[in-house]
Structure formats: structure tokens, C-alpha cells
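Structure record follows, encoded as C-alpha cells.
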Amino acid sequence: RKEVEQDPGPFNVPEGATVAFNCTYSNSASQSFFWYRQDCRKEPKLLMSVYSSGNEDGRFTAQLNRASQYISLLIRDSKLSDSATYLCVVNRVGTALIFGKGTTLSVSS
Amino acid sequence: EAGVAQSPRYKIIEKRQSVAFWCNPISGHATLYWYQQILGQGPKLLIQFQNNGVVDDSQLPKDRFSAERLKGVDSTLKIQPAKLEDSAVYLCASSLNLGGSGNTIYFGEGSWLTVV
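Protein sequence lines, in the order shown, are assigned to chains H and P. In this text, residue positions in the first sequence follow our numbering: the first is 8, and each later residue adds one. In this text, residue positions in the second sequence follow our numbering: the first is 113, and each later residue adds one.
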């Protein structure tokens, strides 16, 4: 079983739609959680960190449920520019980032 | 501030040949990572350095892959001999210190390897 599992996608949505991505992690020692965004043929870039209390950044909301070892990302009012692959990422103290396979989002007009 | 620099950006080699990739991290970043990303998958850690010491190389195929960071700054990743399944993007990344919340990791643009 992979340490980080994500919905495979792809998700194809119209502009303005709300879309949610889910992710589970298997190691209960994981302490830090992130969503990274990767555009086609580009490097991954940090989208947002994920905190137990939940956090929001504009149209993006991230949630963490430690008991269920579950992470989510909600994108409201999707834009064409949101089209990308979204990578769920976890981290333990002193270790490198562990990436999920990624979920591809395609927003169409 | 300059980002993580990698070269070459693209390389095509035949199987059984060798290749080397170079990485210059962000100035002052003690931790350097090499990740392998195969098409359609997430990045997978190959090796992690803290200054010039190896922190984690458990997923590095040591029969063909090697990496070094002799002076604690630049790093090279070598593959010899290459196999078809090594075709991937090799991403170098750096962070101020060992990863964790608040310690952002920055990636270079990657070195794209095609083995034919």
C-alpha cells in the first residue's frame, strides 16, 4: 500500500464549478501536510499547507482529519487557470516530502 | 533570489550509456533532495542530503545510481548504466533545513531524461 493515496482523476469540470480532492495517508507518524500544484511539464510548487483546524486561501480550502488520516482540498469557483495536477504531500520530522500520485484537474469554458 | 538551478534540462541517451545531472540549490539551503518523477506519477525521493552528508538514500538504486554533494552546496546525480525505465524527470529540490511545517521545499525545473 502506498503511503499517500489520492483520487486518480482526471476531474473535468466547467468554469465556476466546485471540485474536491481527497487523499489518505497510511503512516500515523506523519506530522506535516501540504497540497502542491504541478503544471504540465513544470516543477511542483507549494499551493498550501494543511492544518488540523482547516485553512482557507481565497478559493481554496484544505482540511485535515488526523483520526481518519484524511486530507482534502476544495476549490470553489474554478478558473481555467486552475487546470493542473494537485499533489497531496505528507512529511515526518527529519524526512523528505512524500508525494501522492496526483490528481489532474481540467477546467473548461 | 535565484532558485534551484539544474542542468541539463533535456537529455536523450541510449540504454547502457551513462548520464549525469547537476544541481545548484538556493544559497544557504542546507538540505538538498533528488526526486525521480515518472510520467503520470508523483515525485519519488531518491536521496536526501543534509550539508554534505546523506540523510536518506533508501530508495536509490545503488547498483546504477550514485549522487554526491562533496562541498555541501552543488550536487550531481549519475546513472550508469541507464535502463529504459529510468526515463523520467529528475527533480532537485532544496530547503533551509530538514523538511517540516514552515520549512518550504523549492524545486528546480527538472532534468528530463529519455532512455532509448
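Where is the CB? At the ideal position from N, CA and C, for every residue including glycine.
Asked	Found
Which residue's Cα is closest to the Cα of H/GLU22: H/ASP84, H/PHE28 and H/ASN72?	H/ASP84
Taking a cut of 7 Å between CB atoms, which residues from the segment 215 to 226 of chain P lie near chain H?	THR216, ILE217, PHE219, GLY220, GLU221 and GLY222
Do H/GLN45 and the ligand GTP come close, with the Cβ less than 7 Å from some heavy atom?	Because no ligand of any kind appears in the structure shown, any question about the ligand GTP cannot be addressed here.
Mind checking the segment 149 to 179 of chain P against chain B and listing, in chain order, the residues whose C-beta falls within less than 8 Å of any C-beta there?	Here the protein chains are H and P, and chain B is not one of them.
Which residues in the same chain have their Cβ closer than 7 Å to the Cβ of P/TYR147, if we skip the five residues on either side of it in sequence?	PRO155, LYS156, LEU157, LEU158, LEU203 and ALA205
Answer yes or no: do P/ALA194 and P/SER119 have a C-beta to C-beta separation smaller than 8 Å?	no
Taking H/THR25 as the reference, which of H/ASN34, H/VAL57, H/PHE67 and H/SER59 has the closest Cα?	H/PHE67
Report buried or exposed for H/SER39, applying the criterion of at least 16 other Cβ atoms within 10 angstroms of its Cβ.	buried
Select from H/TYR58, H/ASN62 and H/LYS108 the residue whose C-alpha is nearest the C-alpha of H/SER124.	There is no way to answer for residue 124 of chain H, as the model of chain H reaches only from 8 to 116.
Among the residues of its own chain, which have a CB less than 6 Å from the CB of H/VAL97, if the five just before and after it don't count?	VAL11, TYR32, SER37, PHE40 and ILE105
Is there at least one Cβ from chain P nearer than 8 Å to H/LEU53's Cβ?	yes
I'd like to know whether the C-beta of H/GLY16 is nearer than 8 Å to at least one C-beta of chain P.	no
Whose C-beta lies closer than 6 Å to the C-beta of H/VAL110 among residues of the same chain, with five residues either side of it excluded?	For the sequence presented, residue 110 of chain H should be read as Thr rather than Val. Answer for H/THR110: GLN13, ASP14, GLY16, PHE28 and TYR93, listed in chain order.
Could you name the residues of the segment 60 to 87 of chain H whose beta carbon sits closer than 7 Å to any beta carbon of chain P, in the order they occur along the chain?	none
Per DSSP, H/TYR43 forms a beta bridge with which residues?	H/LEU53 and H/LEU94
Rounded to the nearest angstrom, what separates H/LEU112 and P/ASN163 at their Cα positions?	37 Å
Excluding the 5 residues preceding and the 5 following P/ASP186 in the sequence, name in chain order all residues of the same chain whose CB lies nearer than 7 Å to its CB.	TRP134, CYS135 and ASN136
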